[in-house]
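What follows is a set of notes on a single structure, which appears directly below.
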Amino acid sequence: MNTGDSGRLLADRYRLTAELGRGEVGVVWQGRDEVLGREVAVKEVRAAEELSPAEVRALYSRLEREAMTAGRISHRNATTVHDVVIEDGRLWIVMELVRGLSLAAALEAEGPMSPAGAARIGAEAVSALRSAHEAGITHRDIKPSNILLGNDSRVVLTDFGTAQVKADTAHDRPGAAVGRPEFLAPECARGQDPGPAADLWALGVVLYLAVEGVSPFRRDTPGETLRSLAAYTDADLPPMRRAGALAPVLEGLLRTDPAERTTAARAERLLRVAAAGGGPRATAPSSPSSSPSSPDAGRTDSGEDGDGGDGGRRGAPGTAPERRTASAPGSWDADRGPRGVLVLVAGLLVLLLAALAVAVVLR
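Okay, structure coming up:
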């Protein structure tokens, strides 16, 4: 797995053209599908060095099945998986190429977002999660670097399934912590396996970071972060200063008990209201449901971590930074949307009526 792979042809079809990035679970390439004549992203998933050859084969077999399952997700806000290739003992996942910025890169470049802008991103991401959960797929690694802001104004959730590599690094220990610690749900920090509700918790942490500019649960070390989350109660949520109408949604997503957490369907409804400039009428969490639907400075669909950050600083109660609200590139901030146009139109109508009245008087 090196730059010598540039120009390599996989499965007599996918030509690797340029390395886009690398992280803890693999290397991502820009490639070209020479059969269909389209650009693609190709991710080589690498197994941990301590795994035995038999464990690597078992891991790749499982990843192949999971990638094929993820390929059944047909949603505009989820990365499309085109193919899986195992060649020379190496596994490659072929995906759609998304041109744009990761949310992590956008936050690093421009700082916190407005509540409406963050809510729009959240609504699109949770819509993709609903589709995945209905297909029986849990993401397990929601973070800003796995949310892409496409140049075509799409929000795209990427890297479904590859978190399994991290779990297998721990030799499939039940409850092994998967994902960046600060985005882990409390039940996962306590050793439980992640379920759909853990994805919703992680999205809540991402949106808190996006709007407040600080990571609410990050501590000085990963170990301290895990211990803090394992002991977390609802009263420990750091206060929000910038979230506005988004605050009740975040409180619902960040409930300690997974059964009391806001469901994906309700979260999407509330986020779309907040994105339109409105707000929920009540802060009470939704009723429990057992239904499955109940940050990387990269430019493309890599889902890889750059410097280890995800666009935010370590948080503690009352430490939200006083930074200016800024939208991510591509007009992701929704505050400059349809309402401004309506105000302008209303003003023009008033001027037109006044002019007509003057004309009548002059007659």
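Numbering-wise (full-length UniProt numbering), the sequence shown opens with residue 1 and increments by one. All C-beta atoms, glycine included, are put in the ideal place defined by N, C-alpha and C. Since we're looking at a predicted model, the values are computed, not measured.
Endpoints, beta strand (DSSP E) assigned at residue i
{"i": "H82", "result": "81–87"}
{"i": "V211", "result": "Unbroken run through V211 is the alpha helix (DSSP H), 196–212; no beta strand (DSSP E)."}
{"i": "L101", "result": "100–102"}
Local conformation of residue i per DSSP, three classes
{"i": "T17", "result": "strand"}
{"i": "S6", "result": "coil"}
{"i": "D159", "result": "coil"}
{"i": "R269", "result": "helix"}
{"i": "A41", "result": "strand"}
{"i": "A276", "result": "coil"}
{"i": "D12", "result": "coil"}
{"i": "L91", "result": "strand"}
{"i": "V126", "result": "helix"}
{"i": "R242", "result": "coil"}
{"i": "S52", "result": "coil"}
{"i": "I147", "result": "strand"}
{"i": "D236", "result": "helix"}
Straight-line gap, residue i to residue j (C-alpha atoms, nearest Å)
{"i": "R269", "j": "I142", "result": "20 angstroms"}
{"i": "A284", "j": "P115", "result": "Annotation note: pLDDT 43 at A284 (below 50); position unreliable, no value reported."}
{"i": "T17", "j": "D159", "result": "21 angstroms"}
{"i": "E64", "j": "V28", "result": "17 angstroms"}
{"i": "H75", "j": "I121", "result": "15 angstroms"}
{"i": "A104", "j": "L209", "result": "10 angstroms"}
{"i": "V211", "j": "R242", "result": "6 angstroms"}
{"i": "S61", "j": "V155", "result": "30 angstroms"}
{"i": "N151", "j": "S215", "result": "26 angstroms"}
{"i": "E49", "j": "L184", "result": "25 angstroms"}
{"i": "A320", "j": "G213", "result": "Residue placement at A320 cannot be trusted, given a pLDDT of 37 that sits under 50; what the coordinates show is reported in the next sentence. So the alpha carbons of these two residues sit roughly 7 angstroms apart."}
8 angstroms Cβ cutoff met for residue i and residue j
{"i": "P194", "j": "T138", "result": "yes"}
{"i": "T69", "j": "A135", "result": "yes"}
{"i": "V84", "j": "A67", "result": "yes"}
{"i": "I73", "j": "S102", "result": "no"}
{"i": "G89", "j": "V81", "result": "no"}
{"i": "R272", "j": "A125", "result": "no"}
Span of the alpha helix (DSSP H) around residue i
{"i": "G252", "result": "247–253"}
{"i": "L229", "result": "222–230"}
Are the region 242–258 and the region 197–205 touching, with three or more C-beta to C-beta distances below 8 angstroms?
yes
Does the contact criterion of 3 or more C-beta pairs under 8 angstroms hold for the region 258–277 versus the region 190–201?
These segments touch.
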